[in-house]
Each structure stands twice: as structure tokens, then as C-alpha cells.
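Numbering (the UniProt record's numbering), first residue to last: 1 to 348.
Spelled out as C-alpha cells, the structure:
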């Protein structure tokens, strides 16, 4: 059977980091505990916000990175005092290389002639499945102006680009159809334009779309061709008759014409309404606790296939409501989980 489980939280992270510390220390027994600590912090893979943050600390521990750090620096470097939290190691922000090289003088960056697009991606456990693009509509054609793919699994990616003002659509794709969250990692995306957040997410199927414009641009109307009117012929002056005027001829009476039949009534072109789709409407109402990211739920059919899911919540003590349409006359199972194992209520 399936003997694997997934857990998160301090109670799981602490023994993992302690195990890596013991492994690294076994290769460098002459180092102090503070030097081992600095090696782990300096080589950690940054997660979440840049640098140390409340949710991820200094990031993901990297045993090989810590080994390489000490292989280069040895055990003869000073360490700071232990203060706790993100201030426990001031020196840890330094690079394991020697004194920094003064960067070459460069010219001022070219100002953006359009708008600044900023994307933050937290990749899940299958980075090769994720791709994205920014498009603009021009002359009824959709043109790709920026795109990206091929990211490393469980990495954090920042993209900042200058895009045209009429580039109004951001699309993100997952080739496997399970989004970025939460079955195989807790990935997510956030999109900003000129510093204003336009959208975010992570729990989607094959794709998700964010509008980058306040209003979608309307194509310019096509003007009808202008035709110069042709002037009617100008009659020349009529010379007055020299003789007595000829009496006007009386026009013969017109033959009566057959009455024009009334046209048949035109039937309305509106298509008849489509028959309603048979649907079992389900409303999933989730009220998060103080750790919203720990909560996930799924709806599966009797064969075990997941037909709907939710998760990746970001706001604490917030109510999330999601409507789901399911095929009728089928058997479904609703499952909700808390990755830390302390449920939604009531301690946290």
C-alpha cells in the first residue's frame, strides 16, 4: 500500500535541519556549531519573500551547498552572536567568495516606453510543466510579446519586463492540468503592472488568465470608403420659342398594375435557447484559520479521479466560497485535509 505521507510545520522542519547539520558537521568536525549554522544559512535556497522572512526563514536547507561552503572557507572564519530569528547571523548574508568586486560603470537603464510587467512564480515539484505568456491584440491578430518556461522544480522566479500598453492578457499554463498547487507542491503566481497587483493564484487546472489592462482595448472602427459624389448634368438655358407655344400633349392614362403582394413575415434569427445542462450544484464554503495555506480539499468520483479541488488559500480567518458543477447520477467523495494535522479549528 501507500506508505508515504506529507507533513509540514516547525515540528517537521527542525529535525530535518538538525539531521543535515549533523551530516555536514561529520565532514567538518573541527568547525564550531556556529560555523555549521552559518554554512547552512548561507547556502540555503531562498523561498518566499527575498531574504529571511516569517514564513520560510532563510529558505530550503541544502546539504551539498553547505558542504561546498565549508570546503572553500574552512573552519577559520568569525561568526556573530546568536540572537534568534532572522537576526541570528549577520554575516550569513555575505557571499562565500572573497571581497566583492566593484561592478563596472554602466549607463542609465532605458526608461520603459510602455508599462512594467512583474511576475513572481513559485514553482511546484514539476517545474517542466509550467509556462506563461503575455499577449496583445493587434489588427485582429493575437501576438505574443513575452513568454517563459522550463523552470527548475521548487524554485522562485522573478520576471520584470517592459511590455506595450496594449498588452492586456497574461496566461499561465500547466501541461499536466493540475495547476501549481496543491497536489504536488505549493506553487503560486503573482502579477503586477506598474507596481499594482493585477492577479494571483495557484490552484487551477490547465490554465489561468489575468487581465493586465483596466479595460480591454477596443479595435479601431473600420471607416467606410469615401466616394466623391458625381455632380448631376447641368442643363443649358432654353431658348424661348419664336412662334406660338405648342399645346402640351396629354399623357395617356397608365394601365393599372397588379398590387404588390405583402412580403412574408421574416422569422426572428435568434437561436432557440440551449436546453439546460444537467448539473449537480455544490457550494464549498471554507473558513480559514490562522494558517490558511495548510488547508486543501478535493472532490473525487468513485474511481478516484479528482473532479474538483481547492486550496492555496492566503488570507487568515477568511471565508472562501466556491461553486462546483458536477455530473448528476454519480457518486462523489469530498475530502478536506490540513497538512499540519491540527485541523481548521480550534487552537490556531
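Built from N, CA and C at the ideal position, the CB exists for glycine as well.
Since this is a predicted model, take the numbers as computed values, not measurements.
Is it buried or exposed, residue 295, if we count other Cβ atoms within 10 angstroms and call 16 or more buried?
As a first step, residue 295 is located in the chain shown; it is residue number 295 there, counting from the start. So residue 295 ends up on the buried side.
Quick check on DSSP: helix, strand or coil for residue 136?
Position 136 of the chain shown, counting from 1, holds the residue named residue 136. In this structure, residue 136 counts as strand in the three-state DSSP scheme.
Where does residue 270 sit, in a helix, a strand or coil, going by DSSP?
Numbered from its first residue, the chain shown carries residue 270 at position 270. Residue placement at residue 270 cannot be trusted, given a pLDDT of 47 that sits under 50; what the coordinates show is reported in the next sentence. It is coil, neither helix nor strand.
Beta-carbon proximity of residue 326 to residue 307, cut-off 8 Å
Taking the first residue of the chain shown as position 1, residue 326 is located at position 326. Taking the first residue of the chain shown as position 1, residue 307 is located at position 307. Yes, Cβ-Cβ distance for residue 326 and residue 307 is below 8 Å.
Beta bridge counterpart(s) of residue 280 as assigned by DSSP
Here residue 280 corresponds to residue number 280 of the chain shown, with the count starting at 1. DSSP lists 326 as partners of residue 280.
Could you give the residue range of the alpha helix (DSSP H) that holds residue 125?
As a working note, residue 125 is residue 125 in the chain shown. Residue 125 -> no alpha helix (DSSP H), and no H or E assigned at all.
What is the C-beta distance between residue 291 and residue 348, in whole angstroms, given that I count them as a contact (C-beta under 8 Å)?
The residue labelled residue 291 in the question sits at position 291 within the chain shown. The residue labelled residue 348 in the question sits at position 348 within the chain shown. Taking a contact as a CB-CB distance under 8 Å, the pair residue 291 and residue 348 counts as one, their CB atoms being some 6 Å apart.
Just verifying my parser: in three-state terms, what is the DSSP assignment at residue 313?
Start at 1 with the first residue of the chain shown, and residue 313 comes out as number 313. DSSP places residue 313 in coil when its eight states are reduced to three.
Report yes or no: do three or more beta-carbon pairs, one from the stretch 114-129 and one from the stretch 188-195, lie closer than 8 Å?
Yes: at least three Cβ pairs fall under 8 Å.
Give me the Cα-Cα distance between residue 14 and residue 62, rounded to the nearest whole angstrom.
Position 14 of the chain shown, counting from 1, holds the residue named residue 14. Position 62 of the chain shown, counting from 1, holds the residue named residue 62. Their Cα atoms are separated by approximately 14 Å.
Once the 5 residues before and after residue 200 are set aside, which same chain residues still bring their CB inside 6 Å of it?
As a working mapping, residue 200 is identified with position 200 in the chain shown. So the qualifying residues of the chain are 190.
Ignore the nearest five residues each way along the sequence and tell me which others in residue 275's own chain have a CB closer than 6 Å to its CB.
To locate residue 275, count along the chain shown from 1; it is residue 275. Low local confidence applies: a pLDDT of 45 at residue 275 is under 50, so the model's placement there is unreliable, and no value is given.
Below 7 Å CB to CB, which residues in the same chain sit around residue 324 once its five sequence neighbours on both sides are set aside?
Within the chain shown, the letter at position 324 stands for residue 324. Excluding residues within five positions, the ones whose Cβ falls inside 7 Å are 282, 284, 299 and 308.
Beta-carbon gap between residue 131 and residue 154 smaller than 8 Å
Within the chain shown, numbered from 1, the residue matching residue 131 stands at position 131. Within the chain shown, numbered from 1, the residue matching residue 154 stands at position 154. No. Outside cutoff.
Cα-Cα separation, residue 133 to residue 206:
As a first step, residue 133 is located in the chain shown; it is residue number 133 there, counting from the start. As a first step, residue 206 is located in the chain shown; it is residue number 206 there, counting from the start. Spanning the alpha carbons of residue 133 and residue 206 requires a straight line of approximately 14 Å.
Taking only the alpha-carbon atoms, compute the straight-line gap between residue 332 and residue 305 and give it to the nearest angstrom.
One-based indexing of the chain shown puts residue 332 at position 332. One-based indexing of the chain shown puts residue 305 at position 305. So the two alpha carbons sit approximately 10 Å from each other.
Helix, strand or coil at residue 348 according to DSSP, with G and I counted as helix
Here residue 348 corresponds to residue number 348 of the chain shown, with the count starting at 1. Correct three-state label for residue 348: coil.
Whole angstroms are fine: how far does the CA of residue 158 sit from the CA of residue 66?
By one-based count along the chain shown, residue 66 stands at place 66. By one-based count along the chain shown, residue 158 stands at place 158. Within the model, the alpha-carbon separation for residue 66 versus residue 158 is close to 25 Å.
Residue 349 versus 214, 342, 171 and 59, residue with shortest Cα-Cα distance:
Given that the chain is displayed from residue 1 to residue 348, the structure contains no residue 349 and the question cannot be resolved.
Could you pull out every unbroken alpha helix (DSSP H) segment of at least 4 residues lying fully inside the UniProt domain "Peptidase S8/S53" (2-59), listed in chain order?
Within the UniProt domain "Peptidase S8/S53" (2-59), the complete alpha helix (DSSP H) segments of 4 residues or longer fall at 10-27 and 33-43, listed in chain order.
If you reduce the DSSP assignment to three classes, tell me which class residue 68 lands in.
To locate residue 68, count along the chain shown from 1; it is residue 68. Three-state DSSP puts residue 68 in a helix.
Relative to the C-alpha of residue 342, which candidate in 73, 322, 77 and 293 has its C-alpha closest?
Along the chain shown, read from residue 1 onward, the residue named residue 342 stands at position 342. If we check each option's Cα against that of residue 342, 293 comes out closest.
Residue from 328, 287, 303 and 208 whose Cα sits closest to the Cα of residue 338:
Here the question's residue 338 lines up with position 338 in the chain shown. Cα-wise, what sits closest to residue 338 is 287.
Among 142, 56, 152 and 194, whose alpha-carbon lies nearest the alpha-carbon of residue 163?
The sequence position of residue 163 within the chain shown is 163, counting from 1. Residue 163 has its Cα closest to that of 194, out of 142, 56, 152 and 194.
Could you have a look at residue 73 and say whether DSSP puts it in helix, strand or coil?
One-based indexing of the chain shown puts residue 73 at position 73. For residue 73, the three-state secondary structure derived from DSSP is helix.
DSSP state of residue 167, grouped into three classes?
Counting from one through the chain shown, the residue named residue 167 turns up at place 167. Residue 167 sits in a strand when the DSSP states are folded into three classes.
For residue 135, which of 58, 213, 42 and 129 has the nearest alpha-carbon?
Residue mapping note: residue 135 aligns to position 135 of the chain shown, counting from 1. Of the listed residues, the one whose Cα sits closest to residue 135 is 213.
Between the CA atoms of residue 329 and residue 42 - distance to the nearest angstrom:
Within the chain shown, numbered from 1, the residue matching residue 42 stands at position 42. Within the chain shown, numbered from 1, the residue matching residue 329 stands at position 329. Rounded to whole angstroms, residue 42 to residue 329 spans 57 Å at the Cα level.
How about residue 116 and residue 160: are their beta carbons less than 8 Å apart?
Here residue 116 refers to the residue found at position 116 of the chain shown. Here residue 160 refers to the residue found at position 160 of the chain shown. Contact check for residue 116 against residue 160 passes: the beta carbons are separated by less than 8 Å.
Run of the beta strand (DSSP E) containing residue 62, from where it starts to where it stops
Here residue 62 refers to the residue found at position 62 of the chain shown. It is not in any beta strand (DSSP E) - residue 62 carries neither H nor E in the DSSP assignment.
Cutoff 6 Å; reference residue 198; Cβ partners in own chain excluding five residues on either side:
As a first step, residue 198 is located in the chain shown; it is residue number 198 there, counting from the start. Counting only Cβ-Cβ distances below 6 Å, and skipping sequence neighbours, we find 191, 210 and 212.
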